[in-house]
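Worksheet: the structure to be examined is printed underneath.
2 protein chains.
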Amino acid sequence: MRILVVEDDPKIGRFVIEALKQAGFAVDHADNGDDGLHLTLSAPYDLAIIDIMLPGLGGLELIGELRSRKVMIPVIILSARRSVDDRIAGLLRGGDDYMTKPFYLSELLVRIHALIRRSTNVVEPTRLIVNELVLDLQSREVRRGGQNLALQAREFSLLELLMRNVGRPVSKTMILERLWDYNFDPQTNVVDVLVCRLRNKIDHEFTNKMIHTIRGVGYVLKSP
Amino acid sequence: MRILVVEDDPKIGRFVIEALKQAGFAVDHADNGDDGLHLTLSAPYDLAIIDIMLPGLGGLELIGELRSRKVMIPVIILSARRSVDDRIAGLLRGGDDYMTKPFYLSELLVRIHALIRRSTNVVEPTRLIVNELVLDLQSREVRRGGQNLALQAREFSLLELLMRNVGRPVSKTMILERLWDYNFDPQTNVVDVLVCRLRNKIDHEFTNKMIHTIRGVGYVLKSP
DNA sequence: ACCAAATCGTATGCTTTCCGAAAGGACACG
DNA sequence: CGTGTCCTTTCGGAAAGCATACGATTTGGT
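The listed protein sequences correspond, in order, to chains U and X.
446 is the number that our numbering gives to position 148 of the first sequence; each next residue is one higher, with no gaps.
417 is the number that our numbering gives to position 119 of the second sequence; each next residue is one higher, with no gaps.
Here is the structure:
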């Protein structure tokens, strides 16, 4: 899940970004409206969190631009004021939400999940299960056949991605985009290495391998 | 949820009222005991926050009046003094609480929610138990395997937070937000230090460690 | 009111753990 | 059989976490 945060206050920005990363999202950040617009147009985000008060292109204008260009990602608006401005109300579609500062992070997270659920029409499960492989998103635990596996952050995200696409191949580019910052261009074989590391933990001591390579395309997770 | 604040110090009063409003409560304010009494008798509040030192009718007398008229709303008493006065103790019912100034806003909010939960007959456990670890919310005592542990206020809160989320990781940002005030400057390692201190008391002399680190995310409490 | 003790945020090094980079071998496919 | 893709291992810098020390502030007792 990729989230764009458009917020100029460095303190709040850092705070929110840090929290979202810890919650397992891929997060990009813009500290003004113009950069925000460019990013949204160039990368596929699942959600945007936009402050109203921005230098240059304001939050409202930004949203207006997006809507007029038919970019329909759900938006959470951050505002310092308590009451909902009419202009804000006008811009918000059904898939949007509104929060006043200060807010509790837990509340922000709840709303994010609600919005994503609504916009994708999918009930977000707390655990992913593929055959004997179980990944618990809440406790961040991974088990294969009763055995607990200690994955690190990146490996965990990769496995999550693979499990959400059981049977469907996931391309290397896809993995790159989902797990690393958008403008990260590795000249190296990071993805290969990551897959290798994940395999060592998931497949190595099992006869039935679950991660398969599709040459020239990417990888698939298959239940044996 | 309607809350009445009876407080004559304008600075503290504004501070608390603002915070409560932002937390989503409807707040009324009286700056002396007599007005406080009239308001309580004329409007149905879910909770009252009453300062002890008041001009005119004092906080204690106000509570006494309320109780003798069978107005049974839960009360949070604010006092400048550290020790619990006997007269206060006598007036407090089960549904009341007590705080000394200065206090952390976050703590006030926690107590408000606890009180409202209690008074609305949602069962609120008085003690949290995770395996051999017992935390008593009322007496504020913590024991692990019969052994009594002396925790600081912050350590206590942290342990409470962890115990309420057994098995679920609690992110550092979450801890910051819950134990300190909103967007407290996270440039330091307060959380690390606090966790370290708590560990020394909870885990240090035990073989089964209960607090585990999840790199890049936060901490979990696990029963061994 | 004063002093000792306790508390708690900050600063600072140390240790551990990640994870990207690189390189060479293995394998698949034409 | 040759080329290109993929796998695996190793290495080192960087980051995250841990522990300790210090000092400002608060607390509590005389």
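Using N, Cα and C, we set each Cβ at its ideal position, and we do this for glycine too.
U:H502 sits in coil when the DSSP states are folded into three classes, being neither helix nor strand.
Around X:I512, the beta-carbon contacts reaching into chain U at under 7 Å are R438.
Only residues of its own chain outside the window of five on either side were considered, and among them L474, W478 have a CB closer than 8 Å to the CB of U:P484, listed in chain order. Taking the C-beta atoms as reference points, X:L433 is found nearer than 9 Å to X:I427.
In terms of beta-carbon proximity, U:A341 stays away from the interface with chain X, with every pair separated by 9 Å or more.
Interface annotation, U:A328: not in contact with chain X, CB-CB separation never under 9 Å. With a threshold of 9 Å between beta carbons, U:F313 makes contact with chain X. Counting along the chain, U:T511 sits inside the beta strand (DSSP E) bounded by residues 509-512. In summary, U:Q320 is buried, with 16 or more beta-carbon neighbours lying within 10 Å of its beta-carbon over all protein chains present. Assigned with DSSP and collapsed to three states, U:D479 falls in coil, not helix or strand. Counting the other CB atoms within 10 Å of its CB gives X:H327 a total of 16 or more, which places it among the buried residues. With respect to chain X, the C-beta atom of U:A451 has a partner C-beta closer than 9 Å. Relative to the Cα of X:M472, the nearest Cα in the group U:S340, U:I374, U:S404, U:F323 belongs to U:S404. With 16 or more neighbouring CB atoms inside 10 Å of its own CB, X:V314 falls in the buried class. Just so you know, the alpha carbons of U:R495 and X:M461 end up roughly 33 Å apart. Counting along the chain, U:V325 sits inside no alpha helix (DSSP H); it lies in the beta strand (DSSP E) bounded by residues 324-328. Comparing alpha carbon positions, the residue from X:G322, X:N506, X:G362, X:S521 closest to X:I350 is X:G362. Nearest C-alpha to U:S377 among U:D332, U:L335, U:V304, U:V369: U:V304. Counting of Cβ neighbours within 10 angstroms places X:I348 among the buried residues, the total reaching 16 or more.
Beta-bridge pairing by DSSP links X:N446 to X:R441. Considering only U:I512, U:L449, U:L345, U:D332, the residue with the shortest C-alpha distance to U:L360 is U:D332. In terms of Cβ geometry, X:M299 and X:L364 do not form a close pair [threshold 9 Å].
Burial of X:P372 is indicated by the presence of at least 16 other C-beta atoms within 10 angstroms of its C-beta. Not a single C-beta of chain U is nearer than 9 Å to the C-beta of X:E305.
Residues E422 of the same chain have their beta carbon placed closer than 6 Å to that of U:R415, with the five preceding and five following residues left out of the count.
Residues of the region 442-472 of chain X whose Cβ lies closer than 9 Å to any Cβ of chain U, in chain order: G465, R466, P467, S469, K470, T471, M472.
Exclusion of the five residues before and after U:D306 leaves D329, N330, D349, L352, P353 as the residues of its chain whose Cβ lies within less than 7 Å of its Cβ.
Sixteen is the threshold: since fewer than 16 other Cβ atoms of the shown chains lie within 10 Å of the Cβ of X:P400, the residue is exposed. Check the Cα spacing between U:V325 and each of U:G357, U:L390, U:Y517, U:I410: the tightest is with U:I410. At a cut-off of 9 Å between C-beta atoms, U:Y402 counts as an interface residue with respect to chain X. Check the Cα spacing between X:F504 and each of X:L447, X:V464, X:P467: the tightest is with X:L447. Using a CB distance cut-off of 9 Å, U:E316 counts as an interface residue toward chain X.
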